[in-house]
Amino acid sequence: MGWAPSYATTEDLANFVRIGDSVDDVQLGLALDTASRAIDQAASRQFGLVASPAARYYTARWDARLGQWYADIDDLMTVTGLVVAFDETEDQTYAGTITAYHLQPVNAAADGRPWTQLYVRATSSVQPTCLRDGLKVTARWGWSAIPPAIEQACLLQASRLLARRDSPFGVAGSPEVGSEVRLLARLDADVAVAVRPYRRMWGAV
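Convert by adding 564 to the 1-based position in the sequence shown; the result is the number in my numbering.
The following block contains the structure:
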């Protein structure tokens, strides 16, 4: 699937807008890419998956209520290849390996949602600090599958973008027959409704 992919195929979109040939495939692809990135912006996340484990860096924060260090991390749905390390000597070597941790929300996997936080257990022999970018987390970031609602939202927004070919000034329909519609420069209202449950609220770092 890859990172930040299109959330539907050109074949899906062709069927959605009832195009029966491949003449417009390039335009279909551009519309899908544009719609997908608009959805990413609205959701404050993307729904692809990196091909192999990759390192990302985070700043740990202290949870006084639980007495544990934690970090808000990028979306994660698999522990395959997951490695957590800390820069103990502040020399960017990340030699301290953290093996005692837990991922939150605890029911994310059961709900088909990603983990978005990593907590270091008090029993861990390596404890992070608030060193900026001190945590190095290697993982296969992203979603294991594109949610159906996101795919549907992509098709709807992409079809709207395709319609702009015939309405370059942002007005569709005909004023003579009372069908004039202004295509506003924002996400389709139904797309916004579909994306809203998937919107991520990032904590301040």
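Beta carbons: idealized from backbone N, C-alpha and C, even for Gly.
Next item on the list: Grab me the residues of residue 694's own chain with a C-beta within less than 8 Å of its C-beta, minus the 5 sequence neighbours each way, in chain order.
Entry: 623, 624, 625 and 626
Notebook entry, point to check: Which first and last residues belong to the alpha helix (DSSP H) in which residue 574 is found?
Noted result: Its alpha helix (DSSP H) spans residues 574 to 580.
Note to self: I'd like the ranges of any beta strand (DSSP E) spanning at least 3 consecutive residues and lying wholly in the stretch 621 to 704.
What the structure shows: 625 to 627, 632 to 640, 647 to 650, 660 to 662, 665 to 668, 679 to 684 and 699 to 703
Notebook entry, point to check: Quick one, which of 700, 764, 582 and 683 has its alpha-carbon nearest residue 664's?
Noted result: 683
Notebook entry, point to check: Given residue 593, which residues of its chain have a CB within under 8 Å of its CB, disregarding the five upstream and five downstream residues?
Noted result: 570 and 574
Margin query: On the CB-based measure, 16 or more other CB atoms within 10 Å of its CB, does residue 744 come out buried or exposed?
Written below: Residue placement at residue 744 is poorly supported in this model, since its pLDDT is 47, which falls under 50; the coordinates still yield a value, given next. Exposed is the call here.
Notebook entry, point to check: My guess is that residue 699 and residue 650 are in contact by the Cβ rule of under 8 Å, so how many angstroms apart are they, rounded?
Noted result: 6 Å
Item checked: Residues that DSSP places opposite residue 613 in a beta bridge -> Paired residues: 566 and 706.
Next item on the list: Sort out for me which residues DSSP pairs residue 619 with in a bridge.
Entry: 702
Note to self: Counting beta carbon pairs with one atom in the stretch 634 to 643 and one in the stretch 700 to 716, are three or more of them shorter than 8 Å?
What the structure shows: yes
Check: Taking C-beta to C-beta, are residue 723 and residue 581 nearer than 9 Å?
Finding: yes
Notebook entry, point to check: In this structure, does DSSP put residue 729 in helix, strand or coil?
Noted result: helix
Notebook entry, point to check: Could you check where the alpha helix (DSSP H) with residue 600 kicks off and where it finishes?
Noted result: 589 to 607
Check: So, helix, strand or coil for residue 724, using DSSP?
Finding: Residue 724: helix per DSSP, three-state reduction.
Next item on the list: Alpha carbon to alpha carbon, how far is residue 719 from residue 752? Give it in angstroms, no decimals.
Entry: 11 Å
Item checked: Local conformation of residue 711 per DSSP, three classes -> coil
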